[in-house]
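Our numbering puts the sequence shown at residues 10 to 329.
What follows is a single structure, written as structure tokens, with notes after it.
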Amino acid sequence: MSRATPVLPAPVRAKGDGETAGTLYALGAYVLWGILPLYFVALAPTGSWEVVAWRVVLSLVFCALLLTVTRGWARFVAVLRRPRLALLMGLAGVLIYVNWQVFVIATQSDQVLEASLGYFINPITTVLLAVLVLHEKVRVLQWTAIGVAAVAVILIIVAYGRVPWYALALTASFGVYGLVKKQVGGTVDAISGLALETLWLAPIAIAQLGIIAATTGITLGTAGTWHTILLLSAGAVTAIPLLLFAAGSSRVPLATMGMLQFAGPILQFIVGVAILHEPMPASRWIGFAMVWVACILLTIDQIRHSRRPRTAPVVIDGGL
Numbered sequence: 010m011s012r013a014t015p016v017l018p019a020p021v022r023a024k025g026d027g028e029t030a031g032t033l034y035a036l037g038a039y040v041l042w043g044i045l046p047l048y049f050v051a052l053a054p055t056g057s058w059e060v061v062a063w064r065v066v067l068s069l070v071f072c073a074l075l076l077t078v079t080r081g082w083a084r085f086v087a088v089l090r091r092p093r094l095a096l097l098m099g100l101a102g103v104l105i106y107v108n109w110q111v112f113v114i115a116t117q118s119d120q121v122l123e124a125s126l127g128y129f130i131n132p133i134t135t136v137l138l139a140v141l142v143l144h145e146k147v148r149v150l151q152w153t154a155i156g157v158a159a160v161a162v163i164l165i166i167v168a169y170g171r172v173p174w175y176a177l178a179l180t181a182s183f184g185v186y187g188l189v190k191k192q193v194g195g196t197v198d199a200i201s202g203l204a205l206e207t208l209w210l211a212p213i214a215i216a217q218l219g220i221i222a223a224t225t226g227i228t229l230g231t232a233g234t235w236h237t238i239l240l241l242s243a244g245a246v247t248a249i250p251l252l253l254f255a256a257g258s259s260r261v262p263l264a265t266m267g268m269l270q271f272a273g274p275i276l277q278f279i280v281g282v283a284i285l286h287e288p289m290p291a292s293r294w295i296g297f298a299m300v301w302v303a304c305i306l307l308t309i310d311q312i313r314h315s316r317r318p319r320t321a322p323v324v325i326d327g328g329l
């Protein structure tokens with residue numbers, strides 16, 4: 010087979026559905042990601058390490074079922090036959106594992122607001138990584154957004170007397186995850202991508218469950234029927250927003266996705282303040298307000314340049 014012959018089928022852009030359906034799909038994904046902290050809080054007394062281990066294992070099972078129903082095993086095997094792609098998906102798996110673990114720890118430690126901060130600054134982190142790693146040119150508004158966000162983080166550090174490690178770890182892990190996915194491009198569909206990422210992580214998750222079983226004990230099946238159902242739903246909770254996101258991103262312009270992506274952290278912020286009643290002193294309001302200004306500047310820049318010719322947008326799989 011010549012190098013010019015495509016091995017994997019390229020994703021097919023949906024036609025006829027229109028941007029309205031795509032917007033609803035994408036918005037549905039971000040809404041689900043936005044209220045995800047409530048799901049993890051409801052899983053108590055299951056700790057964060059057990060939650061993420063089950064999330065990996067059950068996501069792999071869920072993806073296997075989806076690959077069977079959609080007859081997608083050929084695409085999955087085609088990825089496995091390309092060592093570079095398979096290794097990149099393994100690296101992506103490690104990064105999304107870190108992201109998932111940090112997010113659940115933050116959620117179960119009453120730090121939902123700090124987690125939302127990480128996802129507010131994630132688009133800015135993506136721009137910064139594009140400069141540092143890919144040597145892309147940055148426009149004036151993008152530089153301004155980076156500067157404002159940096160000042161906001163410094164203000165939060167000074168006001169709280171500590172570094173917002175959860176926020177920084179979340180934005181760094183998801184930002185580099187997006188960079189790795191950019192190297193993959195459109196050669197791996199959403200289901201195969203998540204299946205392969207969780208397949209790489211399965212040994213870690215199983216070992217994690219073994220350690221938990223030998224120490225504190227597995228909570229699955231010990232905290233009532235409702236808790237068991239919730240915990241067994243971890244695979245679907247992970248995959249469904251991802252599939253909605255993939256369906257939406259194929260139907261709407263990049264600029265629209267850029268604006269919709271803030272729905273997730275906005276809802277996380279509302280959950281943290283209004284439902285979980287996390288502290289929000291004046292200094293924190295100021296820091297968040299500055300981050301929001303940076304997000305607005307970045308969105309304005311995206312809208313201004315949305316009609317210019319550009320390469321196909323990167324589909325970020327995995328989510329929270």
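The beta carbon of each residue, even a glycine, is placed where N, CA and C say it ideally should be.
Remember, predicted model here, so these are calculated numbers, not experimental data.
Among the residues of its own chain, which have a CB less than 8 Å from the CB of residue i, if the five just before and after it don't count?
i	result
S11	Here the model assigns S11 a pLDDT of 43, short of 50, so the residue's position is not dependable and the matter cannot be decided.
V70	G244
I339	Any property of residue 339 remains undetermined from this structure, which presents the chain solely from 10 to 329.
L307	P132, I133, V136, L150, Q151, A154 and G267
Within 10 angstroms of the Cβ of residue i, are there 16 or more other Cβ atoms? Answer buried if so, exposed if not.
i	result
T224	exposed
G219	exposed
G207	Note on residue identity: the sequence assigns Thr, not Gly, to residue 207. Per the 10 Å Cβ criterion, buried.
D310	buried
A214	buried
E28	exposed
T79	exposed
M289	exposed
R93	exposed
A255	buried
Within the same chain, show all residues whose beta-carbon is closer than 7 Å to that of residue i, passing over the 5 residues directly before and after it, in chain order.
i	result
P54	T228 and A232
V113	F49, S57, V60 and V61
V142	L188
V167	none
Q217	W58 and A62
V160	M299
I44	L276 and V280
A1	As shown, the chain starts at 10 and ends at 329. That puts residue 1 outside it, with no answer to give.
CB residue i to CB residue j, shorter than 7 Å?
i	j	result
E145	A139	yes
V121	L285	yes
A51	L239	yes
I165	P173	yes
L89	I200	no
W235	G102	no
T274	S125	Here the sequence assigns Pro to residue 274, which means Thr is not the residue at that position. A contact, by the Cβ cut-off of 7 Å.
V300	A158	yes
G195	A35	no
Y186	L253	no
A180	I130	The amino acid occupying residue 180 in the given sequence is Thr; Ala does not appear at that position. Yes.
Can you list, in chain order, the residues of its chain whose CB lies under 6 Å from that of residue i, leaving out five sequence neighbours each side?
i	result
V107	S182
M98	L205 and E206
A178	V111
T237	G230
Under the criterion of a Cβ to heavy atom distance below 6 Å, does residue i qualify as lining the ligand ZN?
i	result
A35	Ligands in the displayed structure: none, and consequently the ligand ZN is not present.
Please report the Cβ distance between residue i and residue j, rounded to the nearest whole angstrom; I am assuming they are in contact, meaning their Cβ atoms lie under 8 Å.
i	j	result
Q270	P46	So it is not a contact: roughly 17 Å between Cβ atoms.
V136	V147	6 Å
Q: Any chance you could list the alpha helix (DSSP H) runs of at least 4 consecutive residues sitting entirely within the stretch 243-301, in chain order?
A: 243-258, 263-269 and 272-279
Q: Starting from the N-terminal side, write out each stretch of the alpha helix (DSSP H) that is 4 residues or longer and does not extend beyond the stretch 21-57.
A: 27-43 and 45-51
Q: Scan the stretch 105-156 and note each continuous alpha helix (DSSP H) run of 4 residues or more that stays entirely inside, going in chain order.
A: 121-129 and 131-141
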